[in-house]
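One structure is given here, and the rest of the page talks about it.
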Amino acid sequence: MSGPRTPLPPGDADEVRTREQYATWMRHALDVVAALPADAVPHWWRAAPHEDGLTWSRPAAAEPPPVDAVARAAANGWLVAAGPAEPAATSGRLAGLSVAVKDIVDVAGLPTRNGTAGGRWREPVRSATAWQLLAGAGARCVGKSATHEMAWGV
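Under our numbering, the final residue of the sequence shown carries the number 1618; numbering is consecutive throughout.
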């Protein structure tokens, strides 16, 4: 298989620049966090080196968020579907980290509504690869978070 066409079409060149900019921002964010004093770093960012040579965040405790926090998020429209009551993982790079998954990402057992009032709803039986990877690393889904309709942001 050959490499990309040269010169790249304008849209492809823009995408390459955008991806490079995101990578630069992420490296900068990691550098900023690494420079913070230990007591300024959130408990879930406590770094621990791993066998792959990378440093990943590791939660200090594997406690799920308080039930009232999840209920408040749902009441304020931030959470559109509550996740199953499941114990927090005790191992993995993200063990104990509770997250709300955007309502455009399939999580088995939770409805995916794409931020719509009824169009294209589904009840996935299989989670999206993105969520499978996070869950496999120990993250816990507390529910689905609200999103702009079809994630268009308009």
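Idealized CB from N, CA, C, for every residue including glycine.
Every value quoted in this text rests on a predicted model; they were computed, and no experiment measured them.
Nearest to residue i (by Cα), restricted to the options the options
i: S1562; options: A1601, G1617, H1612; result: A1601
i: A1564; options: A1553, R1481, T1611; result: T1611
i: A1572; options: D1495, S1591, R1557; result: S1591
i: R1557; options: H1492, L1598, T1488, E1613; result: L1598
i: L1574; options: G1560, T1488, C1605, R1483; result: C1605
i: V1569; options: M1614, E1484, A1499; result: M1614
Spatial distance of residue i from residue j (CA atoms)
i: G1607; j: W1595; result: 12 Å
i: S1609; j: N1578; result: 10 Å
i: E1479; j: Y1486; result: 11 Å
i: R1491; j: R1586; result: 36 Å
i: R1584; j: T1482; result: 29 Å
i: E1484; j: A1603; result: 27 Å
i: A1559; j: A1553; result: 5 Å
i: D1476; j: W1616; result: 20 Å
i: D1495; j: D1567; result: 30 Å
i: T1488; j: T1593; result: 25 Å
i: G1582; j: S1555; result: 38 Å
Assumed close pair residue i, residue j - CB separation to whole angstroms, cut-off 8 Å
i: T1576; j: P1588; result: 6 Å
**Prompt:** Where are the beta strand (DSSP E) runs, 3 residues long or more, that stay fully inside the segment 1546-1598, in chain order?
**Reply:** 1562-1566
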